[in-house]
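Asker: Last residue of the sequence shown: 256 (the numbering used here), numbering continuous. Positions of the beta carbon are idealized from the N, C-alpha and C atoms, including for glycine.
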Amino acid sequence: MMENNQAIGIFDSGLGGLTVVKELLKALPNESIVYFGDTARVPYGNKSKKTVCKFSVENADFLIKHEVKIIIVACNTSCSLSLNVLKKKYKVPVIGVIEPAVRKAVERSRGLRVGVIGTRSTIKSNVYNRALKKINKKVKIFSKSCPLFVPLIEENWINDDITLNIAGRYLSDLKKREIDTLILACTHYPLLMRTIQKIMGRRVELINSAEEVAGQVKEHLELSGRLREAKQKGRCLFYVSDEPAQFVKIGGKFLGRKMSRVRKV
Ligand code: DGL
């Protein structure tokens, strides 16, 4: 029997998925969360489908051992390359970040000119394009991989001129294409929101998949009657596959608060 008080499981290639945890804590403050960050094998963004699928299954197996009631695949690269495999393999619902983001993008786009930025593997997979076209065939899609964004953010050069310059170069094509909506198709990119908005201008709406996925998980738990029932607040457990020091240090930025209870597995 599925227990409502079981935790929400969430995994990412590293610490970027904490942007999703941040939104989950806002939307569902009572829930317990088990987070796994594969810090020993990050980045996934330039790896093959076979490798990312293998890692993703191992990560999900780890969460299943913790008896989670739902699995959230926070990593866009994992979602792009392995979501279907995970959905077929597990009995618990598996929720990815792509569908909630594309739904919102199509809903908000005034002229149906949508940009997508993400890692190389995410952009190469074309999964966002297919998901957008499935909702509306008329949507025009302009994609760009921005492989330097993840290391810049992990280096904590978020408000640095170098990052602004690099972002300007990556985004110049999308600017010329006059997109009106831009999907941030990577766990890390919400941290560059200000920089990206500055370059793209106010008229371009940025879609933060972290916010959208938290909304979808809430809706799912409400509709399936699986919200946590216990009166006291749930707890957050964080697991990583390598030394936790860096995760704790930078993770606080992603999460927007101090991190505690990080364990290496
Ligand atoms: N989590 C990855 C994503 O959202 C970014 C980091 C990586 O390349 O592993 O695509």
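#1: Using the DSSP secondary-structure output, state which residues sit across from Cys257 in a beta bridge.
#2: I need the boundaries of the alpha helix (DSSP H) containing Ile144, first residue and last residue.
#3: Should Ser4 be counted as a contact of the ligand DGL given a C-beta to heavy atom distance under 7 Å?
#4: When burial is assigned at 16 or more other CB atoms within 10 Å of the CB, is Asp29 buried or exposed?
#5: Indicate whether Thr113 and Cys177 have their beta-carbon atoms separated by less than 8 Å.
#6: Quick one: give me the first and last residue of the alpha helix (DSSP H) that Asp3 is part of.
#7: Here's a check: name, in chain order, each residue in its chain whose Cβ is nearer than 7 Å to the Cβ of Lys249, leaving out the five neighbours to either side.
#8: Applying the 10 Å Cβ sphere with the 16-neighbour rule, what's the burial state of Glu22?
#9: I'd like the list of long-range same chain contacts for Gln(-3), defined as Cβ closer than 7 Å, with 5 residues on each side in sequence excluded.
#10: Within 10 Å of its beta-carbon, does Pro91 have 16 or more other beta-carbons around it, so buried, or fewer, so exposed?
#11: If we ignore side chains and look at the alpha-carbon of each, how far apart do Ile55 and Lys79 end up?
#12: Report the option in Ile24, Tyr26, Ala31, Gly36 whose CA atom is closest to the CA atom of Thr110.
#13: Pick helix, strand or coil for Leu218, following the three-state DSSP scheme.
#14: Sort Lys131, Pro181, Val239 by Cα distance to Ile144 and report the nearest one.
#15: Can you give me the start and stop residues for the beta strand (DSSP E) that Thr172 sits inside?
#16: Pair every Cβ in the segment 11 to 25 with every Cβ in the segment 198 to 215, then say whether three or more of these pairs are closer than 8 Å.
Answerer: With the structure as the only source:
#1: The chain is shown only over -8 to 256; residue 257 falls outside these bounds and no answer can be derived.
#2: Sequence index remark: in the sequence shown, residue 144 carries index 153 (1-based). Counting along the chain, Ile144 sits inside the alpha helix (DSSP H) bounded by residues 140 to 145.
#3: Position 13 of the sequence shown, counting from 1, holds the residue named residue 4. Indeed, a heavy atom of the ligand DGL lies less than 7 Å from the Cβ.
#4: Here residue 29 refers to the residue found at position 38 of the sequence shown. With 16 or more Cβ atoms within 10 Å of its Cβ, Asp29 is classed as buried.
#5: Reading the sequence shown from its first residue, position 122 is the one you call residue 113. Reading the sequence shown from its first residue, position 186 is the one you call residue 177. Against a cut-off of 8 Å, the Cβ pair of Cys177 and Thr113 comes out as a contact.
#6: Along the sequence shown, one-based indexing puts residue 3 at 12. Not the alpha helix (DSSP H): Asp3 falls in the beta strand (DSSP E), residues -1 to 3.
#7: By one-based count along the sequence shown, residue 249 stands at place 258. Contacts found: Gly243.
#8: Sequence index remark: in the sequence shown, residue 22 carries index 31 (1-based). Buried, since its Cβ has 16 or more Cβ neighbours within 10 Å.
#9: Mapped onto the sequence shown, residue -3 falls at position 6. The residues are Glu58, Val59, Lys60.
#10: Within the sequence shown, numbered from 1, the residue matching residue 91 stands at position 100. Of the residues assessed, Pro91 falls on the buried side of the cut-off, its CB having 16 or more other CB atoms within 10 angstroms.
#11: Indexing the sequence shown from 1 puts residue 55 at position 64. Indexing the sequence shown from 1 puts residue 79 at position 88. Near 14 Å, if we compare the C-alpha coordinates of Lys79 and Ile55.
#12: If you number the sequence shown from 1, residue 110 lands on position 119. That would be Gly36, whose Cα lies nearest to the Cα of Thr110.
#13: Counting from one through the sequence shown, the residue named residue 218 turns up at place 227. If DSSP states are grouped into helix, strand and coil, Leu218 belongs with coil.
#14: Residue mapping note: residue 144 aligns to position 153 of the sequence shown, counting from 1. Selected option, being the one with the closest Cα: Pro181.
#15: Position 181 of the sequence shown holds residue 172. Start and end: 172 to 176.
#16: yes
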